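Residue numbers (UniProt numbering), protein chains in the order written: chain F, 1 to 552; chain U, 1 to 316. Yeah, the Cβ is synthetic: ideal placement off N, Cα and C, and Gly gets one too. The model shown is predicted, which means the values in this text are computed figures rather than measured ones.
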């Protein structure tokens, strides 16, 4: 917002310039980073981030949705942070505890975390281990409307050793907890003194953090304004003001990016149908980022049609994934085989690649004894190779894809009928209790970017069979169970990688779902904003707003 | 007058109870509920969702939930928003000003223009003006506001650059002039439909009066045409319009769903849509009760005003 360029300068643009008149220009250096802006001078300029949902939850521990994360990452710090490459690095802590450095005991149950001694809350009070203890205890307070409690529920005996050190015991070794802590923002104990109900604490409406930006004000229904925290302990901030602007409609979201009212597009970014036009906009920079969510066709393995691996392989071979991506999704998504996103350290790169081949599909089915019967539909032992496919109704792109898949399957003697339903019905018991035949569903498999997928593939996670979890395709594989149980008890990333590499291979081989593609987020920003970097290990584009700055 | 008022109040109270029961029931019939937005979060376990349900009191039987809500309501407690944890009255308070500004300016425009078009259409019946106004009103009524809003943004904001592409004001520039500049386009778009409706009603009302005997009498005794029009015709034609204005009163505060969305106007219409999509029951119920109360109030005020300006009508 500080620098206006040639984009149709409006009267309103002129008004904007008046506001920015005091700001001086930053000189870019040849490396693309303004050396002096990084080290000298007061933060300046303002970035307006446009969001299609309104952030409304400002206590980062309370139940929330993705859109709230941008504000939380800017206001608060967690003990650790994920880099875009998938590495966990210290944030409020001074080092990442491992078994090698003694931060985690040999049996994985005793944790010791050391904290920075130079961190202050936005109100000037010092940050100490007491705040961390308070945070971890508040999450499991039964009266508090906490967000995820997974992992936190294992924590016992939190002991403050000194203002910069604390220890706790885990009821059982649970290595994913480290990544969960990268999403657990620490809040100040003193803000809750004398507060009877933490759910309605004044803090929740005017939060105090340790982050690069301080709370300024919220205009409900419109925006949240943050200002630079000059005393920030980490890199930055270089911006004087960070604004999260709510734009309720996705078309208008893009229009305001075109008009220059928004400097940087937040969720849901640029939709694929606007991609071509966005490329032609002057002074805008676009960037593709693989989304953590994978678009799949989930198969219900308890249905007689899908019991045989040959059938699942044939279905996969019969679908022309690239044609779907190009013809329906404007070529934006990337074809995938893995459930682990590419941004993860645990991504296994050598899975066999999908090959579109109706001939192979026919051969597989012929060989397995599925003979063409009435109407050209294959049958075996009285079971017709016919099933329903469901997803959220009203999602036009998915509906087109369903019809496409329907035609492709018909060519190999498979009948697929489409039966869509409203979101709340589709993803209620119908999905959770595995009442579907097949479903088109986008799934984020990793929780907090940890590779543990017990929730999705362990046999005890089948809700329809009395378990607890989201193994909705009902896969039961003894080797997967064994690997998953081992994986959460091991802390060394390299050792864990070997385990989860094998899980990825088995899942790809077993095909409990047909992996189609990973959506790509199309980020857009004014070209003069530097320091922006998408991070697939967080849920927000604004995870590092502290590093953003304007050049001209 | 007093017995009339008491009677009206009593009726209104019963009506509000009925409205609230129907609203509450329908709201709870919508599949999903306030927790469904968290259900697909991979890290939220079934136990987490159960715990939240318990904490928010959503696991109680519906009639109990309703009675609890109604009892608090009677004591002036409108409840607390699920979505941002603030009291409902505060949530509404944060949005009402934006809507009032937008609807107020739009209504002022549409009543002024609509009345003029209506009267002129009636006095110059079957003229080119009348035909144009009639066709124009039909077109205006059938244009989807959403489309019209987007097109006007495209033309006047993106291409011509005369007006901003939405928002209530430019961030960093909160001058009165800035507000006005942002207000023009959305209030004109919103006025389009209202002008059409208002002008049609006004034309009909004027035509009803214009051929009546007292108008002829006035003309016959030599009253000047302008005076006939202003005092005898318009004065009487405005009577039914008072009722119409009363019925539009709730709109003044309940907002415009579509226009507020297209122009990213942080008003009550947006609040309603958002609260509905998040199943934020307390806020939706609060908005429902507010607009029900305003509707009843608007009608009451219209009745009283009509009885005051028209001595033939008595409230009983």
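Using a C-beta cutoff of 8 Å, does residue 474/F count as contacting chain U?
Within the first chain, numbered from 1, the residue matching residue 474/F stands at position 474. Not one chain U Cβ lies under 8 Å of residue 474/F.
Distance, Cα to Cα, residue 349/F vs residue 318/F?
Walking along the first chain from the start, residue 349/F turns up at place 349. Walking along the first chain from the start, residue 318/F turns up at place 318. Rounded to the nearest angstrom, the two C-alpha atoms are 23 Å apart.
What residues in its chain sit with their C-beta under 8 Å from that of residue 9/U, if we drop five residues either side in the sequence?
Reading the second chain from its first residue, position 9 is the one you call residue 9/U. Contacts found: none.
Report the residues of the stretch 84-106 of chain U with a CB closer than 8 Å to any CB of chain F, ordered along the chain.
Cβ contacts with chain F come from 84, 85, 86, 91, 94, 95 and 98.
Determine the direct distance from the alpha carbon of residue 257/F to that of residue 526/F, and round the result to whole angstroms.
As a first step, residue 526/F must be located in the first chain, where it is residue number 526. As a first step, residue 257/F must be located in the first chain, where it is residue number 257. Approximately 9 Å, taken between the alpha carbons.
For a test of the three-state rule: what should DSSP assign to residue 411/F, helix, strand or coil?
Indexing the first chain from 1 puts residue 411/F at position 411. DSSP places residue 411/F in coil when its eight states are reduced to three.
Give me the chain U residues within the contact set of residue 249/F, using Cβ-Cβ distance strictly less than 8 Å, ordered along the chain.
Taking the first residue of the first chain as 1, we reach residue 249/F at position 249. Neighbours of residue 249/F on chain U, chain order: 261, 262 and 264.
Apart from the five residues on each side of it in sequence, which residues of its chain come closer than 6 Å, Cβ to Cβ, to residue 508/F?
Mapped onto the first chain, residue 508/F falls at position 508. The answer, listed in chain order, is 337 and 351.
Quick check: the Cα distance between residue 380/F and residue 370/F, rounded to an integer number of angstroms?
What you label residue 380/F is simply residue 380 of the first chain in a count that begins at 1. What you label residue 370/F is simply residue 370 of the first chain in a count that begins at 1. Distance between the alpha carbons of residue 380/F and residue 370/F is about 5 Å.
Could you give the first and the last residue of the continuous alpha helix (DSSP H) run that contains residue 216/F?
Working through the first chain from its first residue, we reach residue 216/F at position 216. Note, residue 216/F: premise wrong, no alpha helix (DSSP H); beta strand (DSSP E) at 213-219.
Can you pull the chain F neighbours of residue 37/U, defined as C-beta to C-beta under 7 Å?
Numbered from 1 along the second chain, position 37 holds the residue referred to as residue 37/U. Those within 7 Å of residue 37/U in chain F are 65.
Evaluate residue 319/U with the Cβ neighbour count: other Cβ atoms within 10 Å of its Cβ, from every protein chain shown; 16 or more gives buried, anything less gives exposed.
With chain U running from 1 to 316 in the structure shown, residue 319/U is simply not present.
Return the first residue and the last residue of the alpha helix (DSSP H) that residue 296/F is part of.
For the purposes of this step, residue 296/F is taken as the residue at position 296 of the first chain. Taken as a continuous stretch (DSSP letters only), residue 296/F belongs to no alpha helix (DSSP H), being part of the beta strand (DSSP E) at 284-299.
Which first and last residues belong to the beta strand (DSSP E) in which residue 390/F is found?
On the first chain, residue 390/F is found 390 positions in, with the first residue counted as 1. Residues 386-390.
Could you give the DSSP three-state label for residue 220/U: helix, strand or coil?
Indexing the second chain from 1 puts residue 220/U at position 220. DSSP places residue 220/U in helix when its eight states are reduced to three.
Excluding the 5 residues flanking residue 308/F on each side, which residues of the same chain have their C-beta closer than 7 Å to its C-beta?
The residue labelled residue 308/F in the question sits at position 308 within the first chain. Contacts found: 368.
How about residue 553/F: is its C-beta nearer than 8 Å to some C-beta of chain U?
Given that chain F is displayed from residue 1 to residue 552, the structure contains no residue 553/F and the question cannot be resolved.
Taking the alpha-carbon of residue 174/F as reference, which of 245/F, 81/F and 486/F has the nearest alpha-carbon?
Walking along the first chain from the start, residue 174/F turns up at place 174. The residue with the shortest Cα to Cα distance from residue 174/F is 486/F.
Per the DSSP calculation, residue 442/F is bridged to which residue(s)?
As a first step, residue 442/F must be located in the first chain, where it is residue number 442. Answer by DSSP bridge pairing, in chain order: 295/F.
Compare the Cα-Cα distances from residue 385/F to each of 394/F, 396/F, 409/F and 392/F and report the closest residue.
Looking up residue 385/F in the first chain gives position 385. The residue with the shortest Cα to Cα distance from residue 385/F is 409/F.
With a Cβ-Cβ cutoff of 8 Å, do residue 204/U and residue 233/U count as a contact?
Here residue 204/U refers to the residue found at position 204 of the second chain. Here residue 233/U refers to the residue found at position 233 of the second chain. No, they are not a contact pair.
Determine, using beta carbons only, whether residue 171/F and residue 44/F come nearer to each other than 8 Å.
Sequence index remark: in the first chain, residue 171/F carries index 171 (1-based). Sequence index remark: in the first chain, residue 44/F carries index 44 (1-based). No. Outside cutoff.
Shortest alpha-carbon distance to residue 227/F belongs to which of 295/F, 100/F and 75/F?
Position 227 of the first chain, counting from 1, holds the residue named residue 227/F. Nearest of 295/F, 100/F and 75/F to residue 227/F, Cα basis: 75/F.
Which residue or residues does DSSP assign as beta-bridge partners of residue 550/F?
On the first chain, position 550 is the one that residue 550/F refers to. According to DSSP, which records beta bridges pairwise, residue 550/F is partnered with 529/F.
Report yes or no: do the stretch 182-189 of chain F and the stretch 204-211 of chain F share at least 3 C-beta pairs separated by less than 8 Å?
The answer is yes - the stretch 204-211 of chain F touches the stretch 182-189 of chain F, with three or more Cβ pairs under 8 Å.
Out of curiosity, what's the CA-to-CA distance linking residue 313/U and residue 305/U?
What you label residue 313/U is simply residue 313 of the second chain in a count that begins at 1. What you label residue 305/U is simply residue 305 of the second chain in a count that begins at 1. If I take the Cα positions, the gap works out to 10 Å.
The beta strand (DSSP E) that contains residue 111/F, what's its start and end?
Looking up residue 111/F in the first chain gives position 111. It spans 110-114 - the beta strand (DSSP E) in which residue 111/F sits, taken as one unbroken run.
For residue 64/U, count neighbouring C-beta atoms within 10 Å of its own C-beta (all shown protein chains included) and say buried if the count is 16 or more, exposed if not.
To locate residue 64/U, count along the second chain from 1; it is residue 64. So residue 64/U counts as exposed.
Which whole runs of the alpha helix (DSSP H) in the stretch 155-239 of chain U are 4 residues long or more, in chain order?
Counting whole runs of 4 or more residues, the stretch 155-239 of chain U contains the alpha helix (DSSP H) stretches 176-210 and 213-220.
Taking the beta strand (DSSP E) that residue 228/F belongs to, which residues open and close that run?
If you number the first chain from 1, residue 228/F lands on position 228. Run containing residue 228/F: 223-228, per the beta strand (DSSP E) assignment.
Extract the residue ranges of the alpha helix (DSSP H) inside the stretch 116-157 of chain F, only unbroken runs of 4 or more that lie entirely within it.
129-139, all fully within the stretch 116-157 of chain F.
Apply the 10 Å Cβ neighbour rule to residue 353/F and answer buried if 16 or more other Cβ atoms are within range, or exposed otherwise.
Taking the first residue of the first chain as position 1, residue 353/F is located at position 353. Classification of residue 353/F: exposed, given that the 10 Å Cβ count is below 16.
Determine whether the Cβ of residue 55/U lies closer than 8 Å to any Cβ atom of chain F.
Position 55 of the second chain, counting from 1, holds the residue named residue 55/U. Yes, its Cβ sits closer than 8 Å to a Cβ of chain F.
Beta-carbon separation of residue 241/U and residue 201/U under 8 Å?
Numbered from its first residue, the second chain carries residue 241/U at position 241. Numbered from its first residue, the second chain carries residue 201/U at position 201. Result yes, Cβ atoms of residue 241/U and residue 201/U sit closer than 8 Å.
Beta carbons nearer than 8 Å to chain U: which residues of the stretch 440-453 of chain F have them?
Within the stretch 440-453 of chain F, the residues whose Cβ lies closer than 8 Å to some Cβ of chain U are 443, 444, 445, 446, 447 and 448, listed in chain order.
List the DSSP bridge partners of residue 167/F.
Here residue 167/F is taken as the residue at index 167 of the first chain, counted from 1. 112/F and 159/F.
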